[in-house]
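Residue numbers (numbering that gives the first Met the number 0): 0 to 471. The C-beta atom is built at its ideal place from N, Cα and C for all residues, glycine as well. Below: one structure, written as structure tokens.
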Amino acid sequence: MSIASLYVQAIAFDRYLNENPYMNISIPREQLAGETRVAATPATVEQMLKLGFTISIARGAGAAANITDDAWQTAGATLCSQDEVWQSDIILKVNAPLADEIPLLRPGCTLISFIWPAQNPELMAKLAARGVTVMAMDAVPRISRAQSLDALSSMANIAGYRAVVEAAHQFGRFFTGQITAAGKVPPAKVLVIGAGVAGLSAIGAASSLGAIVRAFDTRPEVKEQIQSMGAEFLELNFEEQSGSGDGYARQMSAEFIEAEMALFAAQAREVDIIITTALIPGKPAPRLITREMVASMKPGSVIVDLAAQTGGNCELTVQGKCITSDDGVKIIGYTDLPARLAAQSSQLYGTNLVNLLKLLCKEKDGNIVIDFNDVVIRGVTVVREGEITWPAPPIQVSAQPQQPKTVPTETVKNAPASPWRPYLFWRWLLHYLAGLRIAHRRTSLPILPSLPSRAWWAITWCGTSITPCIRR
């Protein structure tokens, strides 16, 4: 290849870059009090670079997650100040921007973070007025194709695990039962209410520690999942459809709630630890553990309320705090459980963001395409170029129950007859004679006619060996 042709290609490539510049992705430091997570890790930075983006990260952004600035640079990112990150094309965050961060957003940029549009209408209005595009990681559709970028499930998984760790810390006793020279230690009894992602994670963690785990969910179809995790599924003799068609459980009738409250009251007197995970999308959390139930629990018992941020499942829960009731029951209402495992949370959340970017940048050319024909992209996009597009059209994901396979009547009628059908009488006769022969030998009674011994031997052998092979 000549130098002239190389020069021409270089000019063409430079022109392409000017017309289609690589987008820059920036990750700022999280300013929310107590937040330790970051929206990327060195591993996810390398993946984003392969998609064609350039990466800028605020200095100290990963300090709380034990990620040094040198680690960012080694992965290929560029360090910048906190003010500079807001001038990028794409901004990746964990939490929604604070009031003093919204004016820093460059009009036309794309913000990807948790937004909670249903709970933050004022925030949505301010972001739309800024003229930006916003993608909410809490609005990912509950469909199988979107599981790899479902950040809510990732954080719920960590919250369920951490809930057991917090409960074990406050409980002050073994989870597993032991028999020692100093005496017998009974295993802890744990009740998990709600078998979503967080509930199943809590069940798995508590079971692995040796506790006796019981679980309840309004959806009977999760019974097998609960049992596969080593827990007992608590059932009500009450038939009511609980699926809402969007992957969540729907609000139940008053009769059903009365029955489940009676179940919780009985369980509260027996168990040592209760972990609640019940949520209703867009509404306050249902009250499942009353003041009277707490009073009936044994002193030293623990309640971990994973719904504390939306009001709590326990009547005595205080958001963000761990309190002790007058009856000696500790009630944990922490709302930052994923942030208490900062490194793990950052890795999972960063991977969710990478999977979203792969969907937006299919050509791997460092540019994103927001295609509203894709139900996943349509679902997460809550503001598009200053226009509020939330909520997205609903997606029906409920699966039809599998019907038992039945053989058509015509098929049964037209089935070919067995070729052994003419021999069924002889099969019965040989069996009958063989049975008489055996009875004759055991009782020595004259119940059979006189025949040579060889003849009786042949009849017995045919009746016991050959005829079972003749099919009906």
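Three-state class that DSSP yields for residue i in the structure shown
{"i": "M22", "result": "coil"}
{"i": "E386", "result": "strand"}
{"i": "R213", "result": "strand"}
{"i": "P400", "result": "Note on P400: pLDDT 49, under 50, position unreliable in the model; the coordinate value appears next. P400 falls in the coil class under three-state DSSP."}
{"i": "L340", "result": "helix"}
{"i": "F255", "result": "helix"}
{"i": "I331", "result": "strand"}
{"i": "T77", "result": "strand"}
{"i": "S153", "result": "helix"}
{"i": "I142", "result": "coil"}
{"i": "E362", "result": "coil"}
{"i": "F263", "result": "helix"}
{"i": "T67", "result": "coil"}
{"i": "N372", "result": "coil"}
{"i": "P283", "result": "coil"}
Those residues which DSSP pairs with residue i across a bridge
{"i": "K183", "result": "I178"}
{"i": "C313", "result": "I288"}
{"i": "I274", "result": "V191, V303"}
{"i": "V133", "result": "L110, V382"}
{"i": "T53", "result": "N23"}
{"i": "F232", "result": "A214"}
{"i": "L91", "result": "I111"}
{"i": "T323", "result": "K329"}
Residue i versus residue j: straight-line alpha-carbon distance, rounded
{"i": "I256", "j": "I279", "result": "14 Å"}
{"i": "S297", "j": "A214", "result": "A quick correction: the sequence has Lys, not Ser, at residue 297. About 19 Å."}
{"i": "S55", "j": "M136", "result": "21 Å"}
{"i": "A284", "j": "T276", "result": "9 Å"}
{"i": "P116", "j": "I387", "result": "10 Å"}
{"i": "K188", "j": "I211", "result": "5 Å"}
{"i": "K282", "j": "Q308", "result": "11 Å"}
{"i": "A57", "j": "E45", "result": "17 Å"}
{"i": "I486", "j": "M22", "result": "Any question about residue 486 goes unanswered here, given that the chain covers just 0 to 471."}
{"i": "L103", "j": "Q86", "result": "8 Å"}
{"i": "T132", "j": "N312", "result": "35 Å"}
{"i": "C544", "j": "L235", "result": "Only positions 0 to 471 of the chain appear in the structure, and residue 544 is not among them; the question remains open."}
{"i": "F232", "j": "I273", "result": "15 Å"}
{"i": "L148", "j": "D326", "result": "43 Å"}
{"i": "Y333", "j": "L31", "result": "15 Å"}
{"i": "K363", "j": "T323", "result": "54 Å"}
{"i": "S300", "j": "A42", "result": "41 Å"}
{"i": "F170", "j": "Q343", "result": "24 Å"}
{"i": "G59", "j": "D82", "result": "13 Å"}
{"i": "L262", "j": "R36", "result": "38 Å"}
{"i": "M47", "j": "I178", "result": "53 Å"}
Closer than 8 Å to chain C by CB, residue i
{"i": "Q308", "result": "Any reference to chain C falls outside this structure, which holds one protein chain only."}
Buried versus exposed call for residue i [16 or more other C-beta atoms within 10 Å across all chains shown]
{"i": "K329", "result": "buried"}
{"i": "Q226", "result": "exposed"}
{"i": "V411", "result": "Here the model assigns V411 a pLDDT of 46, short of 50, so the residue's position is not dependable and the matter cannot be decided."}
{"i": "R105", "result": "exposed"}
{"i": "S252", "result": "exposed"}
{"i": "V375", "result": "buried"}
{"i": "T175", "result": "exposed"}
{"i": "K320", "result": "exposed"}
{"i": "K92", "result": "buried"}
{"i": "E29", "result": "buried"}
{"i": "A38", "result": "buried"}
{"i": "S345", "result": "buried"}
{"i": "E259", "result": "buried"}
{"i": "S112", "result": "buried"}
### Query
Can we say the segment 381-395 touches the segment 175-182, given the rule of at least three CB pairs closer than 8 Å?
no
#### Entry: Given 8 Å, three or more beta-carbon pairs between the segment 354-372 and the segment 323-341
Taking 8 Å as the limit for Cβ pairs, the verdict is that the segment 323-341 does not touch the segment 354-372.
### Query
With a cut-off of 8 Å, do at least 3 Cβ pairs link the segment 267-274 to the segment 130-148?
As far as the Cβ criterion goes, the segment 267-274 does not touch the segment 130-148, which means the pair count is below three.
#### Entry: Meets three-Cβ-pair contact criterion under 8 Å: the segment 154-167 and the segment 194-203
Touching, per the Cβ criterion.
### Task
Decide yes or no for the touch test of the segment 91-100 against the segment 68-82: beta carbon pairs closer than 8 Å, at least 3 of them.
no
### Task
Could you tell me whether the segment 352-367 touches the segment 120-129, using the rule of 3 or more Cβ pairs below 8 Å?
no
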